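For the record, in the sequence shown the residue sitting at position 35 is 35 according to this note's numbering, with numbers rising by one throughout.
For each residue, glycine too, the CB sits at the ideal point set by N, CA and C.
Just so you know, these numbers come straight off a predicted model, no measurement behind them.
Notes follow the structure.
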Amino acid sequence: MCIQNTPKISDISEKILYIGKVIQTFGLDPKRFITAFLQSTHEQIVLNRHLWGAPIGWPSTFKVLDSIKTVVRKTTEGKSRWKAYILSEAKEILAAEGGAHGQFPAGNYYNSSKITPGFFDEEAKSERVVKLITEDMPFLYELLKDKLTRKATANHVDFGDSDSGNESNESEASQEPTPAIPSRGSTPVDPEERTTRNADEDAPFHHKKIPQDLEPVNEIYDRADRPHVISATICAVVAFGANRRDNALQIQNSVVLLACGVTERVSTFLNYIGLSSSRRTAHRAIQALGRIASKKITQIMSPNSKSPLAPIICIDNIDFEEAVHEKSVEKSSQMFHGTWGYVHVVDRQLLKKFDPSDFSLEKYKESILNSATMPLKPSVFLPTQKTSYHFQAVIKSQITDVLLKYIATAGDNMVNLRKNPPVIEPIEVKRPNITMLKLMIASDNSAQGMGEVFEGIMHQTGLTPAEFFSPLRVFEGDLGTCMNLESLRNQRKPSGHIENSLSSIFTLLGASHILWNVAQAVYLLHYGNYLDSNDLGAWHTLHALGVPAEKPTTKKDFTLMLTNLTKSHEASILYCLLTVMGYPNALLSDEKVTLPSGKLQEVVDGCYQRFFSPDAFNALLDDESDNSASSEDSVSSKQTDGSDSASSSDSSEAPKKKKDDNPPVPGLKNFLLRLRDFASIVECDRAMRAGDIGRVINMWIRCGFSGSP
1 MCIQNTPKIS DISEKILYIG KVIQTFGLDP KRFITAFLQS THEQIVLNRH
51 LWGAPIGWPS TFKVLDSIKT VVRKTTEGKS RWKAYILSEA KEILAAEGGA
101 HGQFPAGNYY NSSKITPGFF DEEAKSERVV KLITEDMPFL YELLKDKLTR
151 KATANHVDFG DSDSGNESNE SEASQEPTPA IPSRGSTPVD PEERTTRNAD
201 EDAPFHHKKI PQDLEPVNEI YDRADRPHVI SATICAVVAF GANRRDNALQ
251 IQNSVVLLAC GVTERVSTFL NYIGLSSSRR TAHRAIQALG RIASKKITQI
301 MSPNSKSPLA PIICIDNIDF EEAVHEKSVE KSSQMFHGTW GYVHVVDRQL
351 LKKFDPSDFS LEKYKESILN SATMPLKPSV FLPTQKTSYH FQAVIKSQIT
401 DVLLKYIATA GDNMVNLRKN PPVIEPIEVK RPNITMLKLM IASDNSAQGM
451 GEVFEGIMHQ TGLTPAEFFS PLRVFEGDLG TCMNLESLRN QRKPSGHIEN
501 SLSSIFTLLG ASHILWNVAQ AVYLLHYGNY LDSNDLGAWH TLHALGVPAE
551 KPTTKKDFTL MLTNLTKSHE ASILYCLLTV MGYPNALLSD EKVTLPSGKL
601 QEVVDGCYQR FFSPDAFNAL LDDESDNSAS SEDSVSSKQT DGSDSASSSD
651 SSEAPKKKKD DNPPVPGLKN FLLRLRDFAS IVECDRAMRA GDIGRVINMW
701 IRCGFSGSP
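Written as structure tokens, this is what we have:
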């Protein structure tokens, strides 16, 4: 082919027209030429186009494709045809995506009869999600995630105040910010400080500048993770819908839903839409987990174990009802009285700190025998000066927490505002080695029931009575369980057989059960009479917070009781803070005022000094003694001679005037006592959650010393 006579053309349009004429002379058009160029198997042509799909040639290839898109989408029909083409390509890509076939680990199928506890670990779940979005269905995941993140603007979402789930705060942002304490000369806030503060609140968690706000408050879900979670969940549902054996998420959900008590009708619907497996599959998975747990219990309770202390057995009674709405002869509601529990293997690293012989049965019996002659010193049960100072730090930390949660934020970090009290003896943070026992239809509410519980535990552990009762066994339970066990022990005395005497069983009151009893007694002590409007007990505060006052507490709802007690305590502290700051009747807004950290520390110290310190109680006692002395003087003046009526009148007016100058505040003494008692209960609950056994013991000593039930 001769190309020497090609004309010299500089304009790109002229070049295109000339090339078009040349192509036309060979009986081709541009489309047929491009198609032939891309489909030809000629060696030279293949060599000429081999860089089109390579990384170095992809940018120019993308320009070609983008130019074609621009040309064909100029009309409405062209846009529709282009969308149809892209849709067909997307369908082809999605049809090619999907997990590997076969049983795990070769494929994505999980046999419900072979499920292990490791299947539900966070690490295992994360690995399955990563494999799903990076290997199995990356195209669909990225497509969904891009759609969800295109208009995402907020940093986090809180579903606490909205039923619709709308996270936008545009209406709130358009309003002018109002001061947190809007009455009687609020402290002004610098606009620059406010801007800095808002920017810091919008910053990521690890980029926050102010140390007092490093702990997120009232954030339920992170907005940044929401598109990822939704996209990954949809991908798992699509994979399950296309292949019912791609069932990792569905088995996980079905087991959790069954354990949470979701009805069969709801479970069937969730299975229909691909979010969970069938109820039958969930039962098979739970049966598999039960077999593994049974083998584990037999293993850890084996007498060949090298641990110096046998695993601790924690038990508690449970009552549940199988309610039938439409009763008949065949079907009726039934109440089951049973016992549930778990086996807790003590950490070996903790046991290494003690002499193994201290955990033997002989040492236990020797200690019990020596306790009868052990001298008791009152100082053992009294709080020391060190524990008193720590309790002061506890109260100030609670005041600081309420101040920073509801009223103000620190504008600097010059003063360290402690929202948590100093640690004393925290235990090492480790996942406890706990194995659940099978539910036993035997109640521990009586001595006979305790015997049935022992038989059920021995049946699960596979031990003979002699093997079970030979070592020291520590049982943890509530007060009723301990008393029933002691009653059973007394019924079997005297006995020379260790399996009948129960001499190797040591009952231990659980910390939560102790807190349950103490908190309920303190709560009811300060609750008051809700039928008397003049009664200023804790019911008044809870009623103002919207908590029903008719039922102060129920024995079965430990969490609700502590929640209401904490609400009442924090509301009381909030009122004390507003009183110290000079705004006792202020209405709090959503926006908190920004103050220097030094000023906030002064407010905390002032609140403690006025309402929590010993001086506050001493001043109250002095006022009561002055008032009683004044009343005695008034009575004695009335008993004087009639000839001295004028002088007696003058003397009676003086103490009356003094009494009116310092009128007593109704219920102030009980209010101060309630603050300290509730502070002890709240601190004990938080110390147990933090795993600080030193703080817990301090609170038990204080409760015993103060005479709390």
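Expected contact under 8 Å - CB spacing of Ala-571 and Leu-545 to nearest Å: To locate residue 571, count along the sequence shown from 1; it is residue 571. To locate residue 545, count along the sequence shown from 1; it is residue 545. 6 Å between Cβ atoms; contact.
Test item: CB-CB of Gly-53 and Ala-242 under 8 Å: Locating residue 53 in the sequence shown gives position 53, where the first residue counts as 1. Locating residue 242 in the sequence shown gives position 242, where the first residue counts as 1. With respect to Ala-242, Gly-53 sits apart: the two C-beta atoms are not nearer than 8 Å.
DSSP state of Val-429 mapped onto helix, strand, coil: Here residue 429 is taken as the residue at index 429 of the sequence shown, counted from 1. Looking at Val-429 - three-state DSSP - the assignment turns out to be coil, as it is neither helix nor strand.
Asp-692 and Val-394 closer than 8 Å at C-beta: On the sequence shown, residue 692 is found 692 positions in, with the first residue counted as 1. On the sequence shown, residue 394 is found 394 positions in, with the first residue counted as 1. Not in contact: Asp-692 and Val-394 (Cβ atoms no closer than 8 Å).
Endpoints, the beta strand (DSSP E) within which His-337 is located: Taking the sequence shown and counting its residues from 1, the one referred to as residue 337 is at position 337. Run containing His-337: 334-345, per the beta strand (DSSP E) assignment.
Buried versus exposed call for Ala-282 [16 or more other C-beta atoms within 10 Å across all chains shown]: Here residue 282 is taken as the residue at index 282 of the sequence shown, counted from 1. The residue in question, Ala-282, is buried, as its Cβ has 16 or more Cβ neighbours within 10 Å.
Residue of Asp-136, Ile-697 and Gln-103 minimising C-alpha distance to His-390: Stepping through the sequence shown from its first residue, residue 390 is reached at position 390. Comparing alpha-carbon positions, the option among Asp-136, Ile-697 and Gln-103 lying closest to His-390 turns out to be Ile-697.
Alpha-carbon to alpha-carbon, Val-266 and Lys-295: If you number the sequence shown from 1, residue 295 lands on position 295. If you number the sequence shown from 1, residue 266 lands on position 266. Whole-angstrom Cα-Cα distance: 33 Å.
Distance between Trp-340 and Lys-438 (C-alpha atoms, nearest Å): On the sequence shown, residue 438 is found 438 positions in, with the first residue counted as 1. On the sequence shown, residue 340 is found 340 positions in, with the first residue counted as 1. Each residue's alpha carbon lies about 7 Å from the other.
Contacts around Met-335, its chain only, beta-carbon distance under 7 Å, and the 5 residues preceding and following it disregarded: Residue numbering aside, residue 335 sits at position 335 when the sequence shown is read from its first letter. Exclusion of the five residues before and after Met-335 leaves Asp-319 and Glu-321 as the residues of its chain whose Cβ lies within less than 7 Å of its Cβ.
Bridge partners - Gln-491, DSSP secondary structure assignment: On the sequence shown, residue 491 is found 491 positions in, with the first residue counted as 1. Partner(s): none; Gln-491 has no beta bridge.
Counted within 10 angstroms of its Cβ, other Cβ atoms place Asn-370 as buried (16 or more) or exposed: On the sequence shown, position 370 is the one that residue 370 refers to. Flag for Asn-370 reads exposed.
At least 3 beta-carbon pairs within less than 8 Å: the segment 103-114 vs the segment 246-261: With three or more CB-CB distances shorter than 8 Å, the segment 103-114 counts as touching the segment 246-261.
Cβ neighbour criterion (16 or more within 10 Å) applied to Val-343: Within the sequence shown, the letter at position 343 stands for residue 343. Buried, because 16 or more other Cβ atoms sit within 10 Å of the Cβ of Val-343.
For Tyr-109, the three-state DSSP class (helix, strand or coil): Here residue 109 corresponds to residue number 109 of the sequence shown, with the count starting at 1. In this structure, Tyr-109 counts as strand in the three-state DSSP scheme.
C-alpha gap between Pro-596 and Asp-401, whole angstroms: Taking the first residue of the sequence shown as position 1, residue 596 is located at position 596. Taking the first residue of the sequence shown as position 1, residue 401 is located at position 401. About 16 Å.
Beta-bridge partners of Asp-246, as assigned by DSSP: By one-based count along the sequence shown, residue 246 stands at place 246. DSSP links Asp-246 through a beta bridge to no other residue.
DSSP-derived helix/strand/coil call for Arg-223: Mapped onto the sequence shown, residue 223 falls at position 223. Three-state DSSP puts Arg-223 in a helix.
Residue(s) in a DSSP beta bridge with Met-436: For this step, residue 436 is matched to residue 436 along the sequence shown. In the DSSP output, where bridge partners are listed per residue, Met-436 has Tyr-342.
Pair within 8 Å by beta-carbon distance, Leu-565 and Ala-519: Start at 1 with the first residue of the sequence shown, and residue 565 comes out as number 565. Start at 1 with the first residue of the sequence shown, and residue 519 comes out as number 519. If you check the CB distance, Leu-565 and Ala-519 come in under 8 Å.
Element boundaries [alpha helix (DSSP H), containing Cys-607]: Within the sequence shown, residue 607 is the residue found at index 607, counting from 1. From DSSP, the alpha helix (DSSP H) with Cys-607 extends over 597-611.
Exposure label - Tyr-18; buried when at least 16 CB within 10 Å: Numbered from 1 along the sequence shown, position 18 holds the residue referred to as residue 18. Counting Cβ neighbours within 10 Å, Tyr-18 comes out exposed, since fewer than 16 surround it.
Whole-angstrom C-beta distance between Ile-300 and Thr-435, which should lie under 8 Å: Locating residue 435 in the sequence shown gives position 435, counting from the first residue. Locating residue 300 in the sequence shown gives position 300, counting from the first residue. Indeed, because the Cβ distance is near 7 Å, the residues count as touching under 8 Å.
Option nearest Thr-594 by Cα separation, candidates Tyr-406, Glu-135 and Gly-274: As a first step, residue 594 is located in the sequence shown; it is residue number 594 there, counting from the start. Answer by Cα proximity: Tyr-406.
Pairwise C-alpha distance: Ala-521 and Lys-145: Against the sequence shown, residue 145 aligns to sequence position 145. Against the sequence shown, residue 521 aligns to sequence position 521. In this structure, the straight-line span from the alpha carbon of Lys-145 to that of Ala-521 is close to 53 Å.
Proximal residues to His-513 (C-beta, below 6 Å), its chain only, five neighbours per side dropped: Sequence index remark: in the sequence shown, residue 513 carries index 513 (1-based). Here the set comprises Asp-478.
Asp-358 - DSSP class collapsed to helix/strand/coil: Indexing the sequence shown from 1 puts residue 358 at position 358. Assignment of Asp-358 by DSSP, reduced to helix, strand and coil, places it in the helix class.
Collapsed DSSP secondary structure at Ala-410 in the structure displayed: Here residue 410 is taken as the residue at index 410 of the sequence shown, counted from 1. Correct three-state label for Ala-410: strand.
Backbone CA spacing between Asp-532 and Gly-338 [nearest angstrom]: In the sequence shown, counting from the first residue as 1, residue 532 sits at position 532. In the sequence shown, counting from the first residue as 1, residue 338 sits at position 338. Spanning the two alpha carbons is a distance of roughly 41 Å.
Proximity of Met-450 and Leu-485 at Cβ, strictly below 8 Å: Against the sequence shown, residue 450 aligns to sequence position 450. Against the sequence shown, residue 485 aligns to sequence position 485. Contact: yes.
Rounded separation between Arg-81 and Gly-20 - CA only: Locating residue 81 in the sequence shown gives position 81, where the first residue counts as 1. Locating residue 20 in the sequence shown gives position 20, where the first residue counts as 1. So the two alpha carbons sit approximately 26 Å from each other.
Between the CA atoms of Glu-127 and Gly-274 - distance to the nearest angstrom: In the sequence shown, the residue the question calls residue 274 occupies position 274. In the sequence shown, the residue the question calls residue 127 occupies position 127. Taking the straight line joining both Cα atoms gives about 21 Å.
Inter-residue CB distance, Phe-469 and Ser-504 (contact presumed, cutoff 8 Å): Reading the sequence shown from its first residue, position 469 is the one you call residue 469. Reading the sequence shown from its first residue, position 504 is the one you call residue 504. 5 Å between Cβ atoms; contact.
In DSSP terms, what Gln-714 is bridged to: Outside the modelled stretch of the chain, which goes from 1 to 709, sits residue 714, for which no answer is possible.
Span of the alpha helix (DSSP H), counted from its first residue to its last, around Cys-684: Numbered from 1 along the sequence shown, position 684 holds the residue referred to as residue 684. First-last of the alpha helix (DSSP H) with Cys-684: 668-690.
Contacting residues, own chain, Cβ-Cβ under 7 Å from Gly-667 (five flanking each side not counted): Your numbering for residue 667 matches position 667 in the sequence shown. The residues are Leu-536.
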